[in-house]
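Enquirer:
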Amino acid sequence: MRIGNVAGRLAIAAGDEWVDVEQASAGRFAADPQAVYERWDEFRAWAADVPAGAPRVSGPLGVPVPAPRQLIAIGLNYREHAIESKLDIPEHPVVFAKFQSSLTGPDSVVELPSGGVDWEVELVVVIGREAHQVPAEKGWDHVAGLTVGQDLSWREVQTRGPAPQFSLGKSYPGFSPLGPAVVTPEEFADKDDLAIRCSLDGEVLQDGRTSDLIFSVSELVSRLSEALTLYPGDLIYTGTPKGVGMGRTPRRFLTPGALVSSIEGIGDLTINLVNEPVNEPVSEGA
25 MRIGNVAGRL
35 AIAAGDEWVD
45 VEQASAGRFA
55 ADPQAVYERW
65 DEFRAWAADV
75 PAGAPRVSGP
85 LGVPVPAPRQ
95 LIAIGLNYRE
105 HAIESKLDIP
115 EHPVVFAKFQ
125 SSLTGPDSVV
135 ELPSGGVDWE
145 VELVVVIGRE
155 AHQVPAEKGW
165 DHVAGLTVGQ
175 DLSWREVQTR
185 GPAPQFSLGK
195 SYPGFSPLGP
205 AVVTPEEFAD
215 KDDLAIRCSL
225 DGEVLQDGRT
235 SDLIFSVSEL
245 VSRLSEALTL
255 YPGDLIYTGT
265 PKGVGMGRTP
275 RRFLTPGALV
285 SSIEGIGDLT
295 INLVNEPVNE
305 PVSEGA
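Residue numbers (this note's numbering): 25 to 310.
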């Protein structure tokens, strides 16, 4: 099942069209795309038998999970990325937070506040059932679905001292693109081994597979739930594969253009990067 935010309304895919969930369920489920995760099991049971002639909705795709209670991110979670960063393979997940105000959806315009913003395509987990102290073998049982994300990172802010500012440097407006849809785990032939890549104006910047994750989706749910309670609708950005700009010699950062993030079985998340406008001084007497 593919779940989307179509013109601000919860929808499920029916081929190339979208079924309006509120109308198709006669109001049983709200139009709010976020609210469905609080009733995930009930929704899954209903969605298994949606009539062929159910009402459709059309319009632009928005953030599929627009208001998570928690937006958790994992650093250094691909072996090859840790190597390119010249850091040891972590023994424990490197955890930080991103802020909800940085979320944006497909085809958004994102302003680059400097010339030092880096790219990080990521597989994003959407929690469907509350999780606390969950064993690793049960981690997937708490996952509603997967989607595509970007963890845009202003490296100058992220690394300025006296202590790193990961959350701040990765949470400027539009720095957490998400979409195009949430795909439920049973749709994947192997949910632990998906192709993942990103490109800028057609030039491939990252090209990897999620099988290179150090901590798998199931293990991340388990490890995080040792300390946290994960709530329905929470997001976990699971880390990025090798190929980031900061790991290159010389370093390279984003410039205006179309940044496309792709994951096998989910699709493409495109955002349009532009330079932040410069406020020109107003001349006296103007």
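Note that the Cβ used here is the ideal one computed from N, Cα and C, for glycine as well. Small disclaimer: the values here were computed from a predicted structure and weren't measured.
1) Ignore the nearest five residues each way along the sequence and tell me which others in Glu-211's own chain have a CB closer than 8 Å to its CB.
2) Which residues in the same chain have their Cβ closer than 6 Å to the Cβ of Arg-247, if we skip the five residues on either side of it in sequence?
3) Tell me which residues share the same chain as Ala-251 and place their Cβ nearer than 6 Å to its Cβ, disregarding the 5 neighbours each side in the sequence.
4) Report the residue from Pro-280, Gly-281, Ile-260 and Glu-227 whose alpha carbon sits nearest the alpha carbon of Ala-155.
5) Of the residues Ile-96, Gly-232 and Val-87, which one's Cα is nearest the Cα of Ile-151?
6) Taking the alpha-carbon positions, what's the Leu-170 to Glu-146 distance?
7) If you compare alpha carbons, which of Tyr-61, Trp-64 and Pro-75 is closest to Trp-42?
8) Roughly how many whole angstroms lie between the Cα atoms of Ala-72 and Leu-293?
9) Taking the alpha helix (DSSP H) that Trp-70 belongs to, which residues open and close that run?
10) Looking only at its chain, what residues have a beta carbon closer than 6 Å to the beta carbon of Arg-153, apart from the 5 residues adjacent to it on each side?
11) Is DSSP giving Thr-171 helix, strand or coil here?
12) In chain order, which alpha helix (DSSP H) runs of at least 4 residues are fully inside the segment 75-113?
13) If you draw a straight line from the alpha carbon of Arg-179 to that of Arg-276, how long is it in whole angstroms?
14) If you compare alpha carbons, which of Gly-86, Ser-49 and Ala-54 is closest to Gly-77?
Expert: Taking the structure as given:
1) Met-25, Arg-26 and Gly-289
2) Pro-117
3) none
4) Ile-260
5) Ile-96
6) 10 Å
7) Pro-75
8) 26 Å
9) 64-71
10) His-166
11) strand
12) 103-108
13) 11 Å
14) Ser-49
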